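S.K.: Numbering (this note's numbering), first residue to last: 125 to 265.
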């Protein structure tokens, strides 16, 4: 799962449900839940377009950006290049240009006006980082 905070609410996005990773039946989820600490209440929000786990997230100007991740079930495992943004004010997702390389288990952070996706795995070790700049819909290496 990934998480981000916007306007004093916490959003928990995706993840894996059921079973044991790789050795048992499990599946990824597209569920988004909003936690309001002031009301101590949870609510379901619009589902993520790509069900996945082991992805990175960062918050910029009120939107939560989710990138990378993996899909795993008893038959297969795949990694994603997808980048999607959730806007809590509209309760809507946007699909953005994908990363150049699919990866899961990566870290993400917003610094200035860039979402940095660092390291991760594509079934073998991968070093380096990508940066996404919203204004140009482009990655930098």
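Glycine included, each C-beta is placed from N, C-alpha and C at the ideal position.
Predicted model, so just to flag it, every value in this text is computed and none were measured.
Which one of 193, 159, 141, 186 has the shortest CA to CA distance from residue 174?
M.R.: If we check each option's Cα against that of residue 174, 193 comes out closest.
S.K.: Where do the N-terminal and C-terminal ends of the beta strand (DSSP E) with residue 151 fall, by residue?
M.R.: 151-160 is the extent of the beta strand (DSSP E) around residue 151.
S.K.: Sorry if obvious, but does the Cβ on residue 206 come closer than 7 Å to a heavy atom of the ligand ATP?
M.R.: The model depicted lacks the ligand ATP and carries no ligand whatsoever.
S.K.: Please state whether DSSP places residue 128 in a helix, a strand or coil.
M.R.: Note: residue 128 maps to strand in three-state DSSP.
S.K.: Under the three-state reduction of DSSP, which class applies to residue 203: helix, strand or coil?
M.R.: Reduced to three states, the DSSP call for residue 203 is strand.
S.K.: By the three-class DSSP mapping on this structure, what secondary structure does residue 260 have?
M.R.: A caution first: residue 260 carries a pLDDT of 40, below 50, which makes its placement in the model too unreliable to give a value.
S.K.: Quick check on this structure: which residue in 228, 162, 217, 155 has the alpha carbon closest to the alpha carbon of residue 131?
M.R.: Nearest of 228, 162, 217, 155 to residue 131, Cα basis: 162.
S.K.: What's the C-alpha gap between residue 164 and residue 137?
M.R.: So the two alpha carbons sit approximately 18 Å from each other.
S.K.: Let me check understanding here. Comparing Cα to Cα, which of 129, 125, 244, 245 lies closest to residue 186?
M.R.: The option with the nearest alpha carbon to residue 186 is 129.
S.K.: Return the bridge partner residues of residue 211 from the DSSP annotation.
M.R.: Residue 211 is bridged to 216.
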